[in-house]
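Those protein sequences? They're chains A and B, same order as listed. Just so we're aligned, residue 1 is where the first sequence starts under this note's numbering, counting upward by one. Just so we're aligned, residue 392 is where the second sequence starts under this note's numbering, counting upward by one. Take a look at the structure set out below.
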Amino acid sequence: MHRLQNNWKDLVMNTTLPFKTLYQPDSLREPFWHLFEKMEGFKKLSQGYLGNRLGLLLSQKIVASTQKVQERRQVRERSLVFVDGFSVKELSSFPEAIVLPFPEAYHTYASFIESRIQRVIAHEKSAPAALNGALATGAAFVYLPPHTVVKERIEIVQLYSGRESFVLASPRLQMVIGKHSQLKVVMRQSTEKLLCCNQLLDLHLEEGAKVEYVTLFSGSEEGFLFDTVRATLKGHSSLSCYLLSRGAKASVRDYHMELVGEGAEAKLKVALHLPEKRQEQIDVLMEHRAPHCTSDQHIKQVGYGGSRHSFSGTIYVHKTAKGTTSYQKHGALLLDPTAFSAARPNLEIFTDEVKASHGATVGQLSKEALFYLISRGLSKERAQELLIEAH
Amino acid sequence: MLEIQDIHVVHEGREILSGLNLTVRKGEIHALMGPNGAGKSTLAKVIAGHPDYEVTEGEILFQGLSLLDKEAEERAHLGLFVSFQYPPEISGVSNSQFLFHAMKAKEPTLTREVFEQLLTEKMALVEMRTEFKERSVNEGFSGGEKKRNEILQMALLNPTFALLDETDSGLDIDALRIVAAGVNHLMSQEKGLLLITHYQRLLEYIQPHFVHVLVGGKIRETGDASLAKQLERSGYEHYATL
Numbered sequence: 001m002h003r004l005q006n007n008w009k010d011l012v013m014n015t016t017l018p019f020k021t022l023y024q025p026d027s028l029r030e031p032f033w034h035l036f037e038k039m040e041g042f043k044k045l046s047q048g049y050l051g052n053r054l055g056l057l058l059s060q061k062i063v064a065s066t067q068k069v070q071e072r073r074q075v076r077e078r079s080l081v082f083v084d085g086f087s088v089k090e091l092s093s094f095p096e097a098i099v100l101p102f103p104e105a106y107h108t109y110a111s112f113i114e115s116r117i118q119r120v121i122a123h124e125k126s127a128p129a130a131l132n133g134a135l136a137t138g139a140a141f142v143y144l145p146p147h148t149v150v151k152e153r154i155e156i157v158q159l160y161s162g163r164e165s166f167v168l169a170s171p172r173l174q175m176v177i178g179k180h181s182q183l184k185v186v187m188r189q190s191t192e193k194l195l196c197c198n199q200l201l202d203l204h205l206e207e208g209a210k211v212e213y214v215t216l217f218s219g220s221e222e223g224f225l226f227d228t229v230r231a232t233l234k235g236h237s238s239l240s241c242y243l244l245s246r247g248a249k250a251s252v253r254d255y256h257m258e259l260v261g262e263g264a265e266a267k268l269k270v271a272l273h274l275p276e277k278r279q280e281q282i283d284v285l286m287e288h289r290a291p292h293c294t295s296d297q298h299i300k301q302v303g304y305g306g307s308r309h310s311f312s313g314t315i316y317v318h319k320t321a322k323g324t325t326s327y328q329k330h331g332a333l334l335l336d337p338t339a340f341s342a343a344r345p346n347l348e349i350f351t352d353e354v355k356a357s358h359g360a361t362v363g364q365l366s367k368e369a370l371f372y373l374i375s376r377g378l379s380k381e382r383a384q385e386l387l388i389e390a391h
Numbered sequence: 392m393l394e395i396q397d398i399h400v401v402h403e404g405r406e407i408l409s410g411l412n413l414t415v416r417k418g419e420i421h422a423l424m425g426p427n428g429a430g431k432s433t434l435a436k437v438i439a440g441h442p443d444y445e446v447t448e449g450e451i452l453f454q455g456l457s458l459l460d461k462e463a464e465e466r467a468h469l470g471l472f473v474s475f476q477y478p479p480e481i482s483g484v485s486n487s488q489f490l491f492h493a494m495k496a497k498e499p500t501l502t503r504e505v506f507e508q509l510l511t512e513k514m515a516l517v518e519m520r521t522e523f524k525e526r527s528v529n530e531g532f533s534g535g536e537k538k539r540n541e542i543l544q545m546a547l548l549n550p551t552f553a554l555l556d557e558t559d560s561g562l563d564i565d566a567l568r569i570v571a572a573g574v575n576h577l578m579s580q581e582k583g584l585l586l587i588t589h590y591q592r593l594l595e596y597i598q599p600h601f602v603h604v605l606v607g608g609k610i611r612e613t614g615d616a617s618l619a620k621q622l623e624r625s626g627y628e629h630y631a632t633l
């Protein structure tokens with residue numbers, strides 16, 4: 001383990017020079033590294049369900065991705081493009097918003113960014129999130145001004161150039177959505193052989209803002225993925241997150257949503273389809289700090305062929321969050337005995353007048369339902385597909 | 392059309408059918424009656440091709456072809472339809488989605504528009520409201536609605552041979568009338584029908600040409616429609632001693 005720890009240390013230390021010269025000010029990146037060190041790197045994650053797979057990752061000789069020759073074409077209208085984890089302003093287009101590389105943003109919004117980062121560091125418990133903070137030198141900052149309703153969805157696209165050794169990419173996106181503004185975001189994730197993508201989205205919703213955030217991941221047999229989402233919701237704002245994923249060699253997703261303003265609403269809907277040997281871990285912390293907020297988590301998983309999935313979901317209701325409504329549901333459909341699923345719900349409630357519930361189910365395809373469909377002429381494969389889709 | 396020749400069937404280690412013979416020809420309606428546990432529903436499962444029922448002896452021919460080496464979906468494509476006594480509820484799959492896939496498996500060129508027209512027409516036949524198109528298959532349906540949904544499937548798939556397993560149980564008089572009218576409408580000189588029932592009541596609406604009494608895994612007696620009336624009075628007890 002020490003050797004593995006050192007590997008990460010080398011990696012970050014090798015970027016010490018860029019620390020001094022690259023875009024993000026040292027003062028903002030260094031605390032993340034110290035946090036990562038304090039956590040003893042990936043120690044905690046390695047003890048979880050994905051331990052063996054993370055071991056494979058940590059035994060690699062890893063280098064941080066560097067900014068290379070950029071693609072010339074713009075991917076599509078209303079997009080934010082990351083190449084090898086670096087946001088590329090020239091390829092991106094988002095006319096309604098202010099999009100800035102992090103150093104520029106820091107000049108303009110220093111006090112907001114500093115306070116935001118301090119808040120994150122004070123509460124952050126995820127090692128990938130800390131590492132992202134230490135390494136993300138090509139972060140993007142997006143500010144959507146108040147009362148801006150963007151009807152067209154904006155796509156976040158990640159592109160990778162060829163690589164010869166194992167690379168760690170660290171895309172980072174900070175979004176601030178102004179009062180009563182509305183936005184739909186589609187994140188197309190990817191990872192592949194010799195690649196570990198460690199991405200982070202930090203989302204701040206002002207009063208009455210409304211965001212729909214869809215993550216699409218077509219899966220990867222060889223790649224590793226860490227995905228961190230941090231969101232703060234002010235009064236009467238609403239965030240709906242949807243995730244569709246087919247898993248990776250190891251994929252760890254960590255959502256932390258803080259409902260800090262009265263009447264805020266957060267939703268997380270996840271559909272996982274995990275084929276042969278894919279893995280996906282999802283950890284959620286739904287934190288209710290203000291009264292009369294609503295949250296809803298619903299995770300559905302289909303697994304087979306030795307795939308593994310674990311879910312850990314906490315609903316934390318502070319003293320200040322009277323009148324909270326919070327639900328959590330997890331349903332696993334395991335198509336054969338080699339698939340694995342674990343759900344660990346956790347409710348921590350410190351006030352009265354709260355409606356909160358959680359439920360977890362594990363099942364198989366109903367043999368009777370399958371036979372019924374087949375006896376009406378559907379092929380076994382089509383019948384299975386229908387039942388899986390229905391799940 | 393359907394020839395069942397001396398079949399023996401084992402389910403969960405127990406022989407349920409022990410040398411059953413039955414032949415249904417074109418244009419004929421047969422009724423199969425018998426006490427609980429006689430093997431009526433087992434016969435339905437075997438004809439449908441349920442994998443949990445093992446045929447240890449005998450043969451089932453459908454239009455001259457052996458059914459026993461065919462999977463359930465192939466049997467459906469050949470024109471066989473077996474209604475379920477307890478149709479399962481399938482949450483998340485809409486009735487119209489299910490029926491479209493079922494018909495498309497048989498007729499790959501079928502378009503959604505043609506299907507929708509056909510569905511509306513056949514739903515009217517069994518007096519089902521259009522909202523049942525989008526509801527999950529059998530989910531939250533009453534007993535009568537489930538049975539009507541079975542007849543709707545039969546109407547759409549238009550089989551040459553249908554076996555209806557206790558389609559009348561749990562139906563009130565109105566539902567029974569609707570279901571029976573639907574079945575009669577679908578029956579023709581080119582088709583065969585086998586009704587499994589406990590009661591003579593259904594046979595007042597659908598007139599059978601033959602009535603068979605199944606007791607202890609074998610057919611003990613065959614007669615015309617009057618046999619059903621006689622059974623209503625005498626019950627099955629005396630067959631047990633045969």
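Where is the CB? At the ideal position from N, CA and C, for every residue including glycine. Fair warning: this is a prediction, and the values are worked out from it, not measured in the lab.
message = For a cutoff of 8 angstroms on Cβ pairs, would you count A:I299 as touching chain B?
response = The residue you call residue 299 of chain A lines up with position 299 of the first sequence. Closer than 8 angstroms: no.
* To do: My understanding is that A:L195 touches A:V167, with C-beta atoms under 8 angstroms, so please give their C-beta distance in whole angstroms.
  => Along the first sequence, read from residue 1 onward, the residue named residue 195 of chain A stands at position 195. Along the first sequence, read from residue 1 onward, the residue named residue 167 of chain A stands at position 167. A:L195 to A:V167, Cβ: 6 angstroms. Contact.
Give me, in chain order, the residues of the same chain whose beta-carbon lies closer than 6 angstroms to that of A:E353; leave out the 5 immediate sequence neighbours on both sides. Indexing the first sequence from 1 puts residue 353 of chain A at position 353. Only K322 and G323 meet the Cβ criterion.
TODO: Below 8 angstroms CB to CB, which residues in the same chain sit around B:L547 once its five sequence neighbours on both sides are set aside?
DONE: Sequence index remark: in the second sequence, residue 547 of chain B carries index 156 (1-based). If we look at B:L547 and ignore the five residues flanking it on each side, its Cβ neighbours are L490, A493, M494, L509, L510 and K513.
- Task: Determine contact between the segment 579–591 of chain B and the segment 414–423 of chain B, defined as no fewer than three beta-carbon pairs at a distance below 8 angstroms.
- Result: yes
### Message
For B:E536 and A:E348, I'd like the C-alpha separation in whole angstroms.
### Response
For the purposes of this step, residue 536 of chain B is taken as the residue at position 145 of the second sequence. For the purposes of this step, residue 348 of chain A is taken as the residue at position 348 of the first sequence. Their backbone Cα atoms lie some 44 angstroms apart in a straight line.
Worksheet item: Can you name the start and end residues of the beta strand (DSSP E) that A:R344 belongs to?
Response: Residue mapping note: residue 344 of chain A aligns to position 344 of the first sequence, counting from 1. Note, A:R344: beta strand (DSSP E), F340 to I349.
Closer than 7 angstroms, Cβ to Cβ, to anything on chain A: give me those residues from the segment 455–474 of chain B, in chain order. A463, E464, A467, H468 and V473
Classify A:A122 as buried or exposed, calling it buried when 16 or more other Cβ atoms lie within 10 Å of its own Cβ. Position 122 of the first sequence, counting from 1, holds the residue named residue 122 of chain A. With fewer than 16 other Cβ atoms within 10 Å, it is exposed.
Item to check | Helix, strand or coil at A:Y109 according to DSSP, with G and I counted as helix | outcome: Counted from its first residue, the first sequence places residue 109 of chain A at position 109. In this structure, A:Y109 counts as coil in the three-state DSSP scheme.
### Task
Check A:K184 in the structure and name its three-state DSSP category.
For the purposes of this step, residue 184 of chain A is taken as the residue at position 184 of the first sequence. Three-state result, A:K184: strand.
- prompt: B:I407 to B:A572, Cα distance in whole Å?
  reply: Taking the first residue of the second sequence as 1, we reach residue 407 of chain B at position 16. Taking the first residue of the second sequence as 1, we reach residue 572 of chain B at position 181. Straight-line Cα distance between these residues: approximately 33 angstroms.
Query - Through-space distance from A:G313 to A:F350, alpha-carbon basis - result: Working through the first sequence from its first residue, we reach residue 350 of chain A at position 350. Working through the first sequence from its first residue, we reach residue 313 of chain A at position 313. Each residue's alpha carbon lies about 17 angstroms from the other.
Among A:E207, A:I117, A:H147 and A:Q297, the one whose alpha carbon lies nearest that of A:Q174: Indexing the first sequence from 1 puts residue 174 of chain A at position 174. Of the candidates A:E207, A:I117, A:H147 and A:Q297, the one whose C-alpha sits nearest the C-alpha of A:Q174 is A:I117.
ask   = For the alpha helix (DSSP H) that B:T511 lies in, which residues bound it at each end?
value = Locating residue 511 of chain B in the second sequence gives position 120, counting from the first residue. Here the alpha helix (DSSP H) through B:T511 covers R503 to L516.
In whole angstroms, what is the alpha-carbon distance linking A:H147 and A:L80?
The residue you call residue 147 of chain A lines up with position 147 of the first sequence. The residue you call residue 80 of chain A lines up with position 80 of the first sequence. Each residue's alpha carbon lies about 21 angstroms from the other.
Practice problem: Show which residues of chain A have a CB atom less than 7 angstroms away from the CB atom of B:H492. | Solution: Here residue 492 of chain B is taken as the residue at index 101 of the second sequence, counted from 1. Residues of chain A passing the Cβ test: L378, R382 and L386.
*For B:N529, which three-state DSSP category applies?*
Taking the first residue of the second sequence as position 1, residue 529 of chain B is located at position 138. If DSSP states are grouped into helix, strand and coil, B:N529 belongs with coil.
Item checked: Residue span of the beta strand (DSSP E) that contains B:E424, given as start and end -> Here residue 424 of chain B corresponds to residue number 33 of the second sequence, with the count starting at 1. Note that residue 424 of chain B is Met in the sequence shown here, rather than Glu. B:M424 -> beta strand (DSSP E) spans I420 to M424.
Using only the alpha-carbon positions, how far apart do A:P345 and A:Q328 sit? Numbered from its first residue, the first sequence carries residue 345 of chain A at position 345. Numbered from its first residue, the first sequence carries residue 328 of chain A at position 328. Each residue's alpha carbon lies about 8 angstroms from the other.
Practice prompt. Have a look at the DSSP bridge pairing and note the partners of A:A271.
Written response: By 1-based counting over the first sequence, the position of residue 271 of chain A is 271. DSSP output for A:A271 lists A:L244 and A:K300 as bridge partner(s).
Exercise for review: Would you identify the three-state DSSP class for B:A553, choosing helix, strand or coil?
Suggested key: Locating residue 553 of chain B in the second sequence gives position 162, counting from the first residue. In this structure, B:A553 counts as strand in the three-state DSSP scheme.
Contact criterion: CB-CB distance below 8 angstroms. Does A:H391 meet it with respect to chain B? Residue 391 of chain A sits at position 391 when you count from the first residue of the first sequence. Output row for A:H391: interface = yes.
Worksheet item: Where does B:I346 fall in DSSP's three states?
Response: Since the first residue of chain B shown is 392 and the last is 633, residue 346 of chain B is not available in this structure.
Our contact map puts B:L622 next to B:V606 with C-beta atoms below 8 angstroms; I'd like the distance itself, whole angstroms only.
What you label residue 622 of chain B is simply residue 231 of the second sequence in a count that begins at 1. What you label residue 606 of chain B is simply residue 215 of the second sequence in a count that begins at 1. Not a contact, Cβ separation roughly 11 angstroms.
Exercise for the section: Taking only beta carbons into account, state which residues of the segment 530–557 of chain B come closer than 8 angstroms to chain A, listed in chain order. Expected result: Q544 and L548
* Asked: A:S375 CB to nearest chain B CB: under 8 angstroms?
  -> Within the first sequence, numbered from 1, the residue matching residue 375 of chain A stands at position 375. True, the Cβ-Cβ gap to chain B drops below 8 angstroms.
Rounded separation between A:H298 and A:H330 - CA only
For this step, residue 298 of chain A is matched to residue 298 along the first sequence. For this step, residue 330 of chain A is matched to residue 330 along the first sequence. For A:H298 and A:H330, the distance between alpha carbons rounds to 6 angstroms.
* Are the segment 257–269 of chain A and the segment 33–40 of chain A touching by the rule of at least three beta carbon pairs closer than 8 angstroms? -> no
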